[in-house]
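Residue numbers (our numbering), protein chains in the order written: chain C, 96 to 287; chain P, 96 to 287; chain H, 96 to 287; chain R, 96 to 287.
Glycine is no exception: its CB is placed at the ideal position from the N, C-alpha and C atoms.
Every value quoted in this text rests on a predicted model; they were computed, and no experiment measured them.
Protein chains: 4
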Amino acid sequence: MSQSEKTKGKLIRSAKKIFSEKGFWDTKVSDIVKDAGVAQGTFYLYFKSKDEIFKELVLEIRNHIIEIIDKYKNADENIIKTLIDLKSEILEYLYQNKEIARIFLFQLFTKEELMQIYFETLNYIEDFDKNLIQKGVAKGVIKYPDVENIINIILGYGRRLFETEVLLKGKPLDEVKKIQKEGIQIIFKGIS
Amino acid sequence: MSQSEKTKGKLIRSAKKIFSEKGFWDTKVSDIVKDAGVAQGTFYLYFKSKDEIFKELVLEIRNHIIEIIDKYKNADENIIKTLIDLKSEILEYLYQNKEIARIFLFQLFTKEELMQIYFETLNYIEDFDKNLIQKGVAKGVIKYPDVENIINIILGYGRRLFETEVLLKGKPLDEVKKIQKEGIQIIFKGIS
Amino acid sequence: MSQSEKTKGKLIRSAKKIFSEKGFWDTKVSDIVKDAGVAQGTFYLYFKSKDEIFKELVLEIRNHIIEIIDKYKNADENIIKTLIDLKSEILEYLYQNKEIARIFLFQLFTKEELMQIYFETLNYIEDFDKNLIQKGVAKGVIKYPDVENIINIILGYGRRLFETEVLLKGKPLDEVKKIQKEGIQIIFKGIS
Amino acid sequence: MSQSEKTKGKLIRSAKKIFSEKGFWDTKVSDIVKDAGVAQGTFYLYFKSKDEIFKELVLEIRNHIIEIIDKYKNADENIIKTLIDLKSEILEYLYQNKEIARIFLFQLFTKEELMQIYFETLNYIEDFDKNLIQKGVAKGVIKYPDVENIINIILGYGRRLFETEVLLKGKPLDEVKKIQKEGIQIIFKGIS
DNA sequence: AATGAATGAGGTTTCATTCAT
DNA sequence: GATGAATGAAACCTCATTCAT
C-alpha cells in the first residue's frame, strides 16, 4: 500500500468515526485531521471539501447495499427465505460498518443532495421487495393484496431493528439475525 | 393576545417553517427573523439562543405526544382497538403539525441533547405499547411472546407510514388512517 | 448621515487608501477594517466580498469618466479647444481622486473581469476622440488621415502625463493642466 | 545542453506563459510545474521562490532593453532617424517576446520592488531620449523647449502603440513599425 | 537530479450574539 | 418592547515551501 493510500485510509477511518459520533455539522475538518494525525492541509490533498468526503462515505454504503441486492436479483427460491437471507445479509453489512450505517440512517437529512441518495437507496430496496411480494400475491401464497403496505411493515421493521437492537442495545449479530428472522416470519404469517 | 405574545408567536411559526424546510444547521437566526418580520435583536428578547427555540419546539411535540398517550393510560377496552385508536390519534396530531413532526423525525440526530428527547419520547410510547401487548400475552390473545420484537414491528411501521405515506406521498389523513388500521390488524393476525 | 452610511463611508475611504498603496492582492480585508476601525465582520455587512468592494471602486471611476465625456457629447466648438477642455476635466477628476485613479491605472490587469471595465472605459474615450478628430479631417483642418494613430498619440500622452507628472512627480494640478494643453497643441501642430 | 539546463528552460518557458496569461497572483507554482511537466519540488531546485523566478523574468527584459539602448549610445546620425531605429528595435524585441512584455507592462504594479525595476528601465529609456532631444534643441532643429513634455508624448505613444496595435489588435510587426515611424514623424513635425 | 506527499501559516467569510439607541 | 449595527470567534480552504525517499 502506497503512502498516499495509507494517508487517505487514515483520513477516511477518522472521518467515519467522527462523523458517526458528532454528525456532519459538528464535525470539523480539524477534528478529522487531528484524529488521523496529519496536517490540516493534507486533508485537502485527498478530498476537495468536507462535503465531498462525507458524500464519498455515503455513496460507499449505497453502492454496497445495491451490490448485495443485485446478488439476489435472480434468486428463485422460496419467497420468504429469499427475503430473510437478503435482510440478514444487509443487516450483517451494516453491523460490520456501524459507524457508516449510523451516518446513513441519521445524518443525511440535513443536505438535500444526500437525502436523494438515501431515498434512491431505499427505492432500490423497495423495488426488490415489491417484486418479491408481488410474486407471492400472484402465486396466492400472500393473501393481503396491499403490497405497498406490506413493504411499509417490512422496511419499517428493518430500520427499527437496526436502530434499536444493534445501535441502541448493542446486541450481538447472531441474536439480531435470529430476531429478524422471527419478525419476518410473524409478518408473513399475518399476510398469508 | 398581548403584543409580546403576538411577536413570540410569529417567531415560533417562522422557526417551525424554516427549521422544517432547511434543518437546524442550515437555518440562520436571520432567516427566522426575516420571515417573522422582526429585527434581529428581537429574537433574543424571547429566546436565549437558537438552540433554545429549537428545543422548545421539540419539547412541544414530546409533551403533546405524552398527553395523548396519557389519555389512553386507563383505557380498558379491546387491546387492538386501543392500539389502533392511539396510533390514529398520534398520526392525526403529527399530520396536523407536519413541520414540527418533520423536525422531530429528521433533525434531532445532530445534537446529543435532543436525541435524548427523541428517545425519551419513544420510550414513553414503547412503555405504553409494551404494557398493552403484555396484557394480550397474559390473556392468551397474543401467542408470539417476544414483546420487544412486536414493539419493533409496530413502532417501525408507524414511523415508516408517516414518513412515506404522509410526508413523501402526501396522502390525505383519512386514507393513511385506514392504511394504518389495516397494517396493525395484519400485524396482530401474525402474532395471534 | 446615518450610522450605516458613516461606517460604509469609512470602509470605502480605507479601502481606496490601502488598495491604492498595496494593490488588490496584497490588501487584506483585515487591513481595511483595521484602518477603518471596525470589526472584521462589519466589512461583510456592507460588501459581499473583497472582490465586490474593489469592483465598486472601479465602477465609480468608470461612471464618472463617462459622465464627464457625456457632457461634451454635443459640444460644437473648436475641435482642439473641446479636446483640451475635456482632457483637462478628466485630468482634474483623476487628480482629485488620485488613489482611485491609481487603482484604475495599475490594478485592473490582475482580474479578467476588471480589465474589461478598463477597456470599456478606454473605448468610450476613444470613440469620443475619434469622432472629434474625424470631424477635423473632414473639415480639412487635420491633414494626417490615420485617425487611429492620432488617437494613439493623444491617449498615450494622457496616460503618461498622469502617471509621470501627477503620480510620480506630484506636480500641482494647474501646472499639469498647462503642460497638457501645450502637449495637445504640439500634437495638433504635427497633424495639421 | 545539460539535463539541468533543459529543466530550468522548461520551467522558465512555462512561467512566462502562465504569468503572462494569468498574472502574478493568479499563477500558482503548481500551474507552472504542471505545464512544465516536472514535480512540484523540482521547481525549488532551480528557483528560491515564486517571487524569484518572476523577478528573473522581469530582469531579463530590463537587461535586454538596456542592451539595445546601449547600442545606440554613440549613434551620431540624424536625431529622428536614431529615435525611429531605436524604438523600432525595442518594438521588435517586445514583439518577439510578447508574453514577457505583457508581464512587464501590466504585472509589475503589485510589488513595490518590481515597480522599481519598471521605473528604472523607463528612466534608462527616458535618459537616452532626453539626451537626444536636447541635442535637437541645442541644434535648433527642435523648437519646443519642454524636453520632458516631448518625452511624455513619445514614451506615452510607444507604450500605447504596443498595447493597442500589437497586444490588442494583433497587427503584424512590419505594419506596427510603419505606424510607429509615421507617429514619430508627426510628433517631430509638431515640435519642430 | 527529481519526486510528490506533507506541512501549516494565513487568508476570507459566516453568523450567533450583544448592545447602544 | 423593538431595533439593527456591530462584534469577533471560529470555520473552511489555499498554496508556497520543505523534506524524506
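Taking 8 Å as the cut-off, is the CB of residue i close to at least one heavy atom of the ligand ATP?
i         : result
Ile245(R) : Absence of the ligand ATP from the depicted structure is noted, as is the absence of any ligand whatsoever, leaving it without description.
Can you tell me the Cα-Cα spacing of residue i and residue j, whole angstroms?
i         : j         : result
Tyr139(C) : Asp146(C) : 12 Å
Tyr190(R) : Glu260(R) : 11 Å
Ile179(P) : Glu277(P) : 9 Å
Thr205(H) : Glu258(H) : 19 Å
Ile228(P) : Ser287(C) : 22 Å
Ile174(R) : Glu221(R) : 15 Å
Tyr239(H) : Leu186(R) : 23 Å
Leu241(R) : Lys230(R) : For the record, residue 241(R) in the displayed sequence is Asp; it is not Leu. In a straight line, the C-alpha of Asp241(R) is about 13 Å away from that of Lys230(R).
Leu256(H) : Ile249(H) : 11 Å
Phe201(C) : Leu203(P) : 9 Å
Glu155(H) : Lys264(H) : 25 Å
Ser109(C) : Asn192(C) : 13 Å
Pro267(C) : Val153(C) : 24 Å
Lys273(R) : Ile279(R) : 10 Å
Met210(R) : Ser115(H) : 14 Å
Phe199(H) : Phe119(H) : 11 Å
Ala170(R) : Gly132(H) : 59 Å
Asp269(P) : Tyr188(P) : 13 Å
Asn218(R) : Gln275(R) : 21 Å
Glu150(R) : Phe214(C) : Here the sequence assigns Lys to residue 150(R), which means Glu is not the residue at that position. So the alpha carbons of these two residues sit roughly 56 Å apart.
Tyr167(C) : Val128(C) : 39 Å
Ser97(R)  : Gly104(R) : 11 Å
Phe283(P) : His159(P) : 27 Å
Val271(P) : Leu262(P) : 11 Å
Thr122(R) : Lys117(C) : 39 Å
Asn244(P) : Ser99(C)  : 46 Å
Asn247(R) : Asp130(R) : 40 Å
Ile113(P) : Glu208(P) : 21 Å
Ala233(C) : Lys225(C) : 12 Å
Arg197(P) : Ile161(C) : 27 Å
Ile237(P) : Glu172(P) : 15 Å
Gly235(R) : Gly235(H) : 30 Å
Within the continuous alpha helix (DSSP H) that includes residue i, where are the two ends?
i         : result
Val128(R) : Val124 to Ala131
Ser99(C)  : Gln98 to Asp121
Leu262(C) : Note, Leu262(C): premise wrong, no alpha helix (DSSP H); not H, not E.
Gly231(H) : Glu207 to Lys234
Gln135(R) : Gln135 to Tyr141
Ile195(P) : Lys193 to Phe201
Between residue i and residue j, how many whole angstroms is the CB-CB distance? I'm expecting something under 8 Å.
i         : j         : result
Ile212(H) : Lys111(H) : About 16 Å separates the two Cβ atoms, so there is no contact after all.
Leu106(R) : Tyr141(R) : 6 Å
Gln135(R) : Ser125(R) : 6 Å
Gly251(P) : Ile281(C) : So it is not a contact: roughly 12 Å between Cβ atoms.
Ile164(C) : Phe223(C) : 5 Å
Thr216(P) : Arg157(P) : 5 Å
Thr137(R) : Thr102(R) : 7 Å
Please classify residue i: does DSSP put it in a helix, a strand, or coil?
i         : result
Asp171(H) : coil
Asn244(H) : helix
Gly278(R) : helix
Ser183(C) : helix
Lys353(C) : Residue 353(C) is absent from the model: chain C starts at 96 and stops at 287.
Ile311(P) : With chain P covering 96 to 287 only, the question about residue 311(P) has no answer from this structure.
Lys238(H) : coil
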